[in-house]
Structure formats: C-alpha cells, structure tokens
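First up is the structure itself, then whatever we jot down about it.
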Amino acid sequence: MAAGSVEQCFPDWAYSHTPFSLPSTALLGRVDLPCTAENPYLCSDECDASNPDLAHPPQLMQDRERNGLITYWQTVTWRRHPEPLLANITMTWNKSLELTDDIQITFEYGRPTIMILDKSMDHGRSWQPYQFYADDCTDAFNMPPKRVRDLTPANITRVICTEQYSRWVGSKNEKSVKFEVGARFAVFAGLRLQNMDNLYTRMESMKGLRDFFTFTNLRLRLLRPALGGTYVQRDNLLKYFYAISNIDVPAR
Numbered sequence: 071m072a073a074g075s076v077e078q079c080f081p082d083w084a085y086s087h088t089p090f091s092l093p094s095t096a097l098l099g100r101v102d103l104p105c106t107a108e109n110p111y112l113c114s115d116e117c118d119a120s121n122p123d124l125a126h127p128p129q130l131m132q133d134r135e136r137n138g139l140i141t142y143w144q145t146v147t148w149r150r151h152p153e154p155l156l157a158n159i160t161m162t163w164n165k166s167l168e169l170t171d172d173i174q175i176t177f178e179y180g181r182p183t184i185m186i187l188d189k190s191m192d193h194g195r196s197w198q199p200y201q202f203y204a205d206d207c208t209d210a211f212n213m214p215p216k217r218v219r220d221l222t223p224a225n226i227t228r229v230i231c232t233e234q235y236s237r238w239v240g241s242k243n244e245k246s247v248k249f250e251v252g253a254r255f256a257v258f259a260g261l262r263l264q265n266m267d268n269l270y271t272r273m274e275s276m277k278g279l280r281d282f283f284t285f286t287n288l289r290l291r292l293l294r295p296a297l298g299g300t301y302v303q304r305d306n307l308l309k310y311f312y313a314i315s316n317i318d319v320p321a322r
C-alpha cells in the first residue's frame with residue numbers, strides 16, 4: 071500500500087481509456103454502507119468491490135452515463151476516524167499536453183473540504199502543486215484565499231489556494247471543482263476571449279506561461295471529505311467518503 075493511500079471500495083486495477091488512465095494505489099476494498107451528508111439516516115446500497123452490481127470502480131469516473139443514471143467511483147467511509155481519510159488519483163497520458171479549457175471534477179455527495187491538484191511535466195518523476203482547495207485556506211495550508219479573478223498578467227501563473235469549491239452549500243447541485251483555465255486566458259484575451267491573438271503572443275513571449283498550462287500527468291490528492299457544513303460527527307462516520315462521477319480535462 072502506497073504512503074498516504076487508504077483502502078478503497080474497489081480492487082487494484084489496470085485500465086486505459088483515451089485520453090488517460092486512472093491507476094489506483096489502494097488495497098482491495100471491503101463491504102461498506104455509505105450514508106448521505108444531508109441525512110445521515112439515509113443510507114445507500116452496500117458498496118462491495120467483489121459484487122459487480124454494488125461496486126464503484128475507478129472506471130466510472132470516465133464512463134459514458136446513459137438514461138440519466140449517474141455512475142461514480144467511491145471510497146470507503148471514514149470509519150477509521152481520527153485516522154485521515156486520504157486518496158490519490160493519478161492521471162497519466164504518456165505524452166505532453168496543453169490545457170485548452172477548465173479542468174472539471176464532478177463529486178457526488180459533497181465536495182472535499184481539503185484537496186490538492188498536482189501536475190507533472192516529466193511523466194511522474196517529479197510533481198508540483200497546481201492548485202490548493204480548502205474550506206479554510208489559512209487553516210489548511212497557511213495560505214490566504216484567492217480567486218483567479220484576483221490575478222493579474224504579472225502573476226497569472228501563481229499557485230493559489232481557493233475556498234470557492236470547498237465550502238458546504240447544502241445543495242446537491244454544487245458538485246463541480248474546477249481548475250480555471252478560461253479565466254486565466256481571459257486576462258490576456260478579454261472576458262469573452264475575443265482577442266486570442268494576444269494570448270498566443272503572450273504564450274510565446276512570456277516566460278513560463280505556456281509551461282504553466284502544460285503537463286504529462288495530473289494528480290488529485292483528496293485530504294478531507296465533505297463534512298456537511300459542520301464538525302465531524304463521530305457517532306455517524308458512514309456519511310463521510312469521496313465519490314467522483316466525472317473528470318474532464320480538455321487538452322491538446
């Protein structure tokens with residue numbers, strides 16, 4: 071078992087799907103009975119990696135969903151609290167790519183309260199933070215909270231911590247966590263991206279700008295699950311887990 075990983079509700083796997091694969095670093099899962107954060111007494115079906123009808127394997131983060139049925143990957147619950155509930159998701163393309171729009175991760179049953187997005191430019195040999203996410207950036211990372219709209223052409227490649235996607239809003243409609251690419255492009259190309267020529271010129275002339283949007287691998291580090299807008303309720307740890315239904319990485 072790799073450092074920092076946890077038992078997942080799925081077995082180790084090897085799966086490849088254009089344009090990326092999502093290798094697991096976890097041990098075999100076990101039967102679990104997750105509940106919702108909104109109503110801890112509303113529990114879903116068993117999550118059992120050995121039963122195809124009850125499993126939530128990593129492939130479901132990138133499958134095509136049909137007939138309105140949402141499928142998702144899911145971890146075990148936080149039954150080992152206060153031991154941290156940690157999970158890493160590594161995306162590998164085996165080539166260099168450049169982002170063309172926002173990275174979007176769709177979570178079910180609440181977005182993490184602490185998460186880090188990392189990137190690699192050398193096929194996973196070294197990693198660097200791409201963006202920090204927390205419901206309290208100062209407490210989690212000792213960083214002031216910022217939004218992309220706070221950035222300027224002079225510091226557009228700064229790695230920031232944002233609270234925009236981590237605070238509990240009490241609505242299942244708030245599922246997305248983004249790494250905002252379009253808003254960064256807009257700093258040079260205008261709000262409606264009508265001046266893309268200026269962006270392309272800056273890409274060639276501004277040191278480090280193109281490299282900022284370039285990667286070979288991405289990694290999500292999930293460090294603390296959704297808490298439902300309150301503290302950890304130790305008498306019902308079954309409502310704390312991670313679930314991802316989709317990861318979208320527009321790149322060329």
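Once you know that position 214 of the sequence shown is 284 in the working numbering, the rest is easy, because the numbers rise by one and skip nothing.
Cβ coordinates follow ideal geometry from the N, Cα and C atoms, glycine included.
Annotated as proximal: residue 176 and residue 314, with beta-carbon spacing under 8 Å. Beta bridge pairing from DSSP links residue 199 with 188. Burial state of residue 205 is buried, judged by a 10 Å Cβ sphere holding 16 or more other Cβ atoms. Residues 142, 313 and 315 of the same chain have their beta carbon placed closer than 6 Å to that of residue 178, with the five preceding and five following residues left out of the count. Counting along the chain, the unbroken alpha helix (DSSP H) around residue 258 starts and ends at 252-259. Taking every protein chain shown into account, the CB of residue 130 has 16 or more other CB atoms within 10 angstroms, so this residue is buried. At a Cβ-Cβ threshold of 8 Å, residue 200 and residue 189 count as neighbours.
A Cβ-Cβ separation of about 6 Å places residue 148 in contact with residue 295 under the 8 Å criterion. The residues 227, in chain order, have a CB closer than 8 Å to that of residue 278 in the same chain once the five nearest residues on each side in sequence are set aside. Cβ contact annotation for residue 151 (same chain, cutoff 7 Å, sequence separation greater than five): 302, 304 and 307, in chain order.
The straight-line gap separating the alpha-carbon atoms of residue 161 and residue 186 is approximately 14 Å. Collapsing the DSSP output to three states places residue 296 in coil. Contact between residue 284 and residue 166 holds: CB atoms are separated by about 6 Å, below the 8 Å threshold.
In terms of Cβ geometry, residue 172 and residue 286 do not form a close pair [threshold 8 Å].
Leaving aside the five residues that flank residue 248 on each side, the residues in its chain whose CB is nearer than 7 Å to its CB run, in chain order, 172, 173, 174 and 235. DSSP lists no bridge partner for residue 281.
Of the candidates 318, 198, 181 and 292, 292 places its Cα closest to the Cα of residue 155. With distances taken between CA atoms, residue 269 lies nearest to 223 out of 223, 212 and 163. In this structure, residue 218 sits away from residue 259, with a CB-CB distance that is not shorter than 8 Å.
Shortest Cα-Cα distance from residue 157 to any of 229, 290, 317 and 202 involves 290. Each residue's CA atom was taken as its position, placing residue 255 and residue 265 some 10 Å apart.
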